[in-house]
Amino acid sequence: WQCVNGPGAIMCASGKYSSRGPALIPRMKTKHRIYYITLFSVVLLGLIATGMFQFWPHSIESTADWGLDRRSVHDAPLVRLPISNPIPERGDLSCRMHTCFDVYRCGYNPKNRIKVYIYPLQRFVDEVGVPISSTGLSREYNDLLSAISDSEFYTDDVTRACLFVPSIDVLNQNSLRIRETAQALAMLPRWDKGMNHLLFNMLPGGPPDYNTALDVPRDRALLAGGGFSTWTYRQGYDISIPVYSPLSADVELPERQPGPRRYFILSSQTAIHREYRAELERLKEENGEALLLLDKCSNLSQGAASARKRCYKGQVFDYPQILQESSFCVVLRGARLGQATLSDVLQAGCVPVILADSYILPFSEVLDWKRASVVIPEEKLPEMYTILKSIPHRQVEEMQRQARWFWDAYFSSMKAIGMTTLQIINDRIYPYAARTYEQWNNPPLVKWSSVNSPLFLPLIPPRSPGFTAVVLTYDRIESLFRVITEISKVPSLAKLLVVWNNQNKSPPEDSLWPKIAVPLKVVRTKENKLSNRFFPYDEIETEAVLAIDDDIIMLTSDELQFGYEVWRELPDRLVGYPGRLHLWDHEMGKWKYESEWTNEVSMVLTGAAFYHKYFNYLYTYKMPGDIKNWVDAHMNCEDIAMNFLVANITGKAPIKVTPRKKFKCPECTAIDGLSLDQTHMVERSECINKFASVFGTMPLKVVEHRADPVLYKDDFPEKLKSFPNIGSL
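The sequence shown begins at 1 in the UniProt record's numbering and counts up by one.
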């Protein structure tokens with residue numbers, strides 16, 4: 001053996017192999033290289049597999065998610081229910097969202113949207129193989145689950161879910177075996193006494209008592225039920241849903257314009273209690289052709305075709321088409337409180353007259369049913385005709401329009417019913433991002449989603465800080481450019497919007513406009529209307545709006561910035577510069593508009609005023625009577641109308657800021673300005689009297705108050721004042 005001391009080691013080799021060393025070394029390296037490459041590859045593949053398992057969205061329970069391949073009952077796995085399986089409790093009537101629902105499971109997410117998990121479809125049978133349901137998965141429930149799985153609420157990751165929807169169809173209690181269905185619910189992996197589980201049921205109870213809630217024991221699960229009474233409905237926990245009408249998918253009724261119809265009252269239900277039918281027949285005798293009392297057709301063979309027919313003394317009518325021929329349609333309670341007739345009536349644009357004592361109307365948590373229906377106690381059925389005749393024609397037309405819109409938005413399909421139910425639950429979980437009354441009850445013509453009411457404290461920040469200046473102009477280019485230049489100096493200005501009200505003349509070219517540091521947008525109107533200045537333009541992203549005329553060139557940047565700071569403290573008020581007063585003229589016995597300089601104010605003119613953009617929506621879509629049309633026709637008083645509106649909503653007076661009282665444009669002539677015309681001033685007194693008549697009261701409040709900056713008149717160095725250039729009278 002020969003040993004040689006190497007660096008940090010002793011290398012030994014036998015003399016026998018020493019002469020062949022150079023030939024053996026490469027062979028050993030190749031052998032080891034293959035070994036190490038194989039080992040490295042195995043380790044690398046293991047790391048990749050581990051990483052995918054750890055970070056890929058997955059769940060043991062979600063591997064069989066609600067997919068297209070899981071919607072066939074025949075393909076679903078079979079699950080046998082041992083007779084000894086536990087049964088959930090009957091249902092806790094004291095459950096509320098804070099006691100039986102784990103909101104912490106929902107957590108915070110930027111979209112403020114709950115996540116809903118649908119259990120994989122399974123076929124539950126008892127020990128002898130009999131299914132728990134005689135119908136399996138109904139078409140309606142399949143449509144409902146499909147709608148949820150296609151929505152933004154859905155998640156296939158059970159660990160992220162806030163709400164769990166079983167794939168067990170309990171829509172119709174008549175098709176269920178009560179005990180076995182309850183056992184199947186209890187077997188769900190995440191059941192946990194029904195916590196955060198949602199069940200949909202439209203036909204509760206059964207003969208002879210027909211309970212108004214699902215009889216299946218369900219622990220703490222939420223119930224979306226179609227027939228709740230005040231005795232079984234858990235306020236703020238359960239959701240009252242409509243009974244879906246199969247005719248919604250089979251019959252398409254075109255929307256009919258509101259107005260008088262051929263019949264005044266129509267009754268189309270076939271299974272009415274004999275006492276109610278006798279009372280309706282008596283009303284028919286008293287009122288003749290105004291009331292049409294229909295029943296099932298005895299001379300037609302039973303089947304799908306006969307379900308779409310109604311008869312009166314041998315005369316056959318198509319159903320539900322005949323509902324469109326009546327102003328009011330009777331919806332009486334049957335064996336169950338919830339009736340599919342309600343959905344048919346709404347689709348026809350007929351105002352439902354609901355006689356079902358203690359019935360919780362569908363989605364009544366968010367829908368204002370007074371706007372779309374008439375609810376009459378059952379004992380008042382003999383007085384129904386008199387009650388309905390007392391409703392003004394205009395209100396009936398509004399109710400017809402609202403009834404049809406309710407159907408379109410919330411009743412028209414299983415998808416609409418399901419999405420409405422989930423949205424109500426979502427609003428409970430994230431109340432600061434919940435839909436408003438207007439969003440639930442007003443047709444989508446009004447984009448309420450982009451505005452928050454200033455009457456409540458904001459819980460989320462505005463989309464953009466600062467204010468948007470809206471300048472209404474016609475063709476005074478020179479003064480307009482001066483106004484833009486002055487406003488652009490205000491630090492809090494976020495955007496400047498010019499409303500070009502001249503349809504006969506194009507605005508100046510882009511190169512001629514003043515160069516300012518904030519976005520400047522020109523909106524061309526279709527008609528020359530003063531109300532254009534108060535339209536809720538999409539370009540207004542700030543909460544604060546400065547309405548200013550194109551001739552208000554005297555206000556300084558300090559005055560405007562101070563006005564904005566005052567508005568931030570009082571966002572529900574009109575905060576402006578020109579103050580005006582209304583007075584009662586005892587000799588004439590009417591209101592009078594006063595433009596003289598006084599210390600009292602009840603209005604601030606919107607020729608220069610800050611307000612919340614919420615009032616743009618109210619002015620455009622909620623102004624009472626014909627005030628808005630009157631303003632546009634007379635080209636006058638839009639500012640007085642806005643003062644009336646804000647004062648009526650808030651019950652508060654406006655705020656005048658800074659001492660300036662003179663706002664006349666020195667370069668403007670009587671030809672240039674509407675307000676310089678004498679008849680214009682006379683009309684303003686007429687405006688006040690007309691508006692007070694329309695509002696039914698005088699909402700304007702008189703105050704002797706003015707907001708001025710601290711130190712503005714004190715003898716202090718200008719550098720110590722936040723707003724040194726406030727100006728004078």
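Note that beta-carbon positions come from the ideal geometry of N, C-alpha and C, so glycine has one too.
Report all residues from its chain with a CB closer than 6 Å to the CB of residue i; omit the five preceding and five following residues, and keep chain order.
i: A653; result: K701, V703
i: F317; result: R310
i: A340; result: V243, S245
i: I360; result: F228, Y233, S240
i: L144; result: M414, G418
i: V694; result: P624, G625, I627
i: E514; result: Per the sequence shown, the amino acid found at residue 514 is Pro instead of Glu. Taken in chain order, the residues that qualify are F481, I484, T485.
i: F562; result: P709, F723
i: F264; result: A290, S327
Using the DSSP secondary-structure output, state which residues sit across from residue i in a beta bridge.
i: W131; result: Reading off the sequence, residue 131 comes out as Pro, not Trp. In DSSP, P131 forms a bridge with V125.
i: V216; result: Answer is none; V216 lacks a bridge partner.
i: E596; result: Answer is none; E596 lacks a bridge partner.
i: D250; result: Answer is none; D250 lacks a bridge partner.
i: residue 745; result: The first residue shown for the chain is 1 and the last is 729, placing residue 745 beyond what the model contains.
i: S267; result: L293, V330
i: Q315; result: Y312
i: H197; result: F164
i: I239; result: A224
Short check: CB of residue i to CB of residue j, under 8 Å?
i: I540; j: V483; result: no
i: P88; j: G194; result: yes
i: K505; j: D475; result: yes
i: L520; j: L496; result: yes
i: S488; j: F467; result: no
i: P204; j: Q173; result: yes
i: T620; j: M642; result: no
i: D215; j: I239; result: no
i: F363; j: I424; result: yes
i: Q324; j: G349; result: yes
i: C100; j: Y233; result: no
i: S343; j: R261; result: no
i: N287; j: Y141; result: no
i: A494; j: V518; result: yes
i: A76; j: K115; result: no
i: F40; j: L422; result: no
i: Y312; j: L292; result: yes
i: R533; j: E638; result: yes
i: A608; j: Y577; result: yes
i: L574; j: Y611; result: yes
Could you check which residue in the options has the C-alpha nearest to that of residue i?
i: A307; options: G259, V331, G334, S245; result: S245
i: W630; options: E486, C350, N689; result: N689
i: I83; options: G563, F534, P352, A184; result: A184
i: Q347; options: A409, L171, G338; result: A409
i: G625; options: R524, A692, R113, T181; result: A692
i: residue 742; options: L300, L337, V646; result: This structure cannot settle anything about residue 742, because the visible part of the chain is limited to 1 through 729.
i: P699; options: T650, S412, D510; result: T650
i: D126; options: V165, R96, D157, L78; result: L78
i: K656; options: K622, H634, W597; result: W597
i: E509; options: T38, V522, E565, I516; result: V522
i: D551; options: E365, S479, S595; result: S479
i: R404; options: S358, P352, P377; result: P352
What residues in its chain sit with their C-beta under 7 Å from that of residue i, if we drop five residues either side in the sequence?
i: D632; result: K529, L530, S531
i: N725; result: T556, D558
i: A213; result: P204, L223, G225, F228, T232
i: Y319; result: S268, R308, K309, R310
i: N112; result: Y430, A433
Grab me the residues of residue i's own chain with a C-beta within less than 8 Å of its C-beta, minus the 5 sequence neighbours each way, in chain order.
i: F406; result: L346, L367, A372
i: G206; result: Q173, N174, D215
i: residue 745; result: A query on residue 745 cannot be resolved here, the shown segment of the chain reaching from 1 to 729 and no further.
i: N299; result: C311, G314
i: I387; result: V374, I376, K380
message: Check whether the region 245-257 and the region 226-236 touch, using three or more Cβ-Cβ pairs below 8 Å as the test.
response: no
message: Could you check whether the region 580-591 touches the region 526-543, counting it as contact only if at least three pairs of C-beta atoms, one from each stretch, sit closer than 8 Å?
response: no
task: Would you be able to state if there are at least three C-beta pairs under 8 Å between the region 116-133 and the region 383-395?
output: no
query: Do the region 267-274 and the region 328-337 make contact, defined as three or more Cβ pairs closer than 8 Å?
result: yes
query: Is the region 356-375 touching the region 273-291, taking contact as three or more C-beta pairs under 8 Å?
result: no
Three-pair Cβ contact test at 8 Å for the region 147-157 versus the region 37-47: no
- request: Evaluate contact between the region 375-385 and the region 430-444, counting only Cβ atoms and requiring at least three cross-stretch pairs below 8 Å.
  value: no
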